[in-house]
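The next block holds one structure in the form of structure tokens; read it before the comments.
Protein chains: 2
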Amino acid sequence: MKRIKAVLEYDGSCYHGFQIQKNALSIQGTIESSIEKLIGHRVPIIAAGRTDAGVHALGQVIAFDTDSSIPVDKWQFALNSILPADIRVISSCEAESDFHPRFQALDKKYIYYIYRQQRGKVFYGPYAYCNLENLDIQAMQQACKQLLGRQNYKSFCASGSSVKNFERHIKECQLSQKDPFIKLEILADGFLYNMVRIIVGTLLEVGRSSIKPEYIKEIIQAQDRNQAGPTAPPQGLYLHSVNYGM
Amino acid sequence: MKRIKAVLEYDGSCYHGFQIQKNALSIQGTIESSIEKLIGHRVPIIAAGRTDAGVHALGQVIAFDTDSSIPVDKWQFALNSILPADIRVISSCEAESDFHPRFQALDKKYIYYIYRQQRGKVFYGPYAYCNLENLDIQAMQQACKQLLGRQNYKSFCASGSSVKNFERHIKECQLSQKDPFIKLEILADGFLYNMVRIIVGTLLEVGRSSIKPEYIKEIIQAQDRNQAGPTAPPQGLYLHSVNYGM
């Protein structure tokens, strides 16, 4: 039995998220069906991050066990020959038999894109959050600095989450503007449910001058979801990469 | 009765082309249904260019007649409130009562994008032709120069077309490279059926060194579709703009 590690890129537009669901198309379900077509039986896959409906991936990592005779380095091509065009395997290799894509991740990076132009919305709508408001970018950048460090991010976790420990270490949180896009890059040792989208929603409130950048500290200290901004839409979000320190 | 002129942007990925068809989703059918929802009866629309399945538009121009009480400048907002997100009206205004978007066009500009990277294919697949071959860009640029001028382009017209006059005036034909894209911009007083895609397919043969750039002149002179290269896929093609000299 071998454990295969694969890195994936996908356009999440047509999927109801990563996680397998009854009566809805999921990334996980699509990949498990493709593996089944290749080896004749179903095996469960585990992912580094369970992306929501409409969220994309540039470097999702999955693992699964198989005793198939398909050579380890050929899994990429074998799966790509069956997967739909909006899911691609970027690389595949054999992992340690105890490799776990989520538990062993040292940190993950997400990117969020905001599109700031009326024209082109038909093309960018599924791939960025289209927003034409006047935004104070410098204030948003100041707010990003407040979000760095090892802190309790309960205010930035969707209510109803079953998580008990809300402490996470945000190592990078950088907002940059390159017309017609605003790009947020955020690197942390882990993310709470909807954390990046709530951060973006809160940064937008700062950009609108509804929240002062200094107030971010107070929002964090409150440990109360109601103090943070709304959840930004999923289309702008990309799981960029997962780092295992190897 | 007023003639309304509207400029459209659309993502052609989900449509079987502009032209209305039985049992297939078309841009024309979708717009005519939207107008019908607004004014209660169906009116035919005319377009500057009947784009094929999978072809996109950044500046398609349509016209239709109506005696509706919707103010002329409000048609943009009215239609956008009903149209799906992948078709947007960029502007609307009243045109002369004899305005014809196709017959009165002085020239049209098309753009074709080629995407040259393995990564990101899941996102660019529907919006560019993904090609990773080694291509001689300079040779392709030389070939572009041969395509300029008023010439008989029968070799670059899909066979089976009912057109009798194959003379067209290509005023601009420019190929540029900005990694990871190659972009062809082509401006002419009119285009034959599949003309831009056959030009791209032929330029790719030049890029592969299968055809010498000088040979383009001979292909034109042959007036024979079989002398030109294959038809490049529709996904990379955009109707960029239509010029009426006003």
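From first to last, the protein sequence lines are chains A and B. Going left to right, the first sequence walks through residues 1 to 246 as the numbering used here numbers them. Going left to right, the second sequence walks through residues 1001 to 1246 as the numbering used here numbers them. Think of the CB as a built atom: it goes at the ideal place given N, C-alpha and C, for glycine as much as any other residue.
With distances taken between CB atoms, is the gap from Tyr1127 (chain B) to Gln1060 (chain B) smaller than 9 Å? no
Host alpha helix (DSSP H) of Cys1144 (chain B) (start-end): 1137-1146
Glu1185 (chain B) by DSSP, collapsed to three states: which one? strand
Kindly give me the distance between the Cβ atoms of Ile1045 (chain B) and Gln1021 (chain B), rounded to whole angstroms, as I take these residues to be in contact under 8 Å. Actually they are not in contact, since the Cβ atoms of Ile1045 (chain B) and Gln1021 (chain B) sit about 15 Å apart, beyond 8 Å.
Taking 9 Å as the CB-CB limit, is Leu79 (chain A) close to chain B? Not flagged as an interface residue toward chain B: Leu79 (chain A), since no C-beta distance is shorter than 9 Å.
Sequence-distant residues of the same chain with beta carbon closer than 8 Å to His1016 (chain B), five excluded per side: Beyond the five residues adjoining it in sequence on each side, His1016 (chain B) comes within less than 8 Å, by CB distance, of Ala1024, Leu1025, Ser1026, Ala1053 in the same chain, given in chain order.
Please confirm if Val1242 (chain B) has its CB atom under 9 Å from at least one CB of chain A. Closer than 9 Å: no.
Outcome for Phe1103 (chain B) when other beta-carbon atoms lying within 10 angstroms are tallied against a minimum of 16: exposed
Starting from Tyr1113 (chain B), follow its DSSP beta bridges and name the residues at the other end. B:Lys1183
Buried or exposed (CB count within 10 angstroms, at least 16 for buried), His1041 (chain B): exposed
I want to verify the contact list: residues of chain B whose CB lies under 7 Å from the CB of Gly125 (chain A), in sequence order. Ala1085
Quick one: what's got a C-beta closer than 8 Å to Glu96 (chain A)'s C-beta in the same chain, skipping five residues either side? The beta carbon of Glu96 (chain A) lies closer than 8 Å to those of Arg3 in the same chain, with the five residues before and after it left out.
Which one or two residues does DSSP pair with Arg42 (chain A) in a beta bridge? According to DSSP, Arg42 (chain A) bridges with nothing at all.
Residues of chain A with CB under 9 Å from Glu1036 (chain B), in chain order? Result: empty, since nearest Cβ-Cβ is about 22 Å, beyond 9 Å.
Selected residue, minimal CA-CA separation from Phe156 (chain A), among A:Met195, A:Asp67, A:Ile31: A:Met195
Just to confirm the assignment, what range does the beta strand (DSSP E) spanning Val1007 (chain B) have? 1002-1010
Kindly list the residues whose CB is nearer than 6 Å to the CB of Ser1068 (chain B), restricted to its own chain and excluding five residues on each side of it in sequence; keep chain order. Ile1039
Specify, as a first and last residue, the run of the alpha helix (DSSP H) that Asn226 (chain A) falls within. For Asn226 (chain A), no alpha helix (DSSP H) run applies, since DSSP gives it neither H nor E.
Is any beta-carbon of chain E found at less than 9 Å from that of Tyr1010 (chain B)? Going by chain labels, chain E is absent from the structure shown, which instead holds the protein chains A and B.
If you measure from the beta carbon of Leu58 (chain A) to each beta carbon in chain B, is any gap under 9 Å? yes
Check each candidate in B:Pro1101, B:Asn1165, B:Leu1008 and name the one with the smallest Cα separation from Gly1245 (chain B). B:Pro1101
Compile a chain-ordered list of the residues in the stretch 108-135 of chain A whose CB is closer than 9 Å to at least one CB of chain B. Gln118, Arg119, Gly120, Lys121, Val122, Phe123, Gly125, Pro126, Tyr127
Should Gly1049 (chain B) and Phe1191 (chain B) be called a contact, given that it needs their Cβ atoms to be closer than 9 Å? Yes, the Cβ-Cβ distance between Gly1049 (chain B) and Phe1191 (chain B) is below 9 Å.
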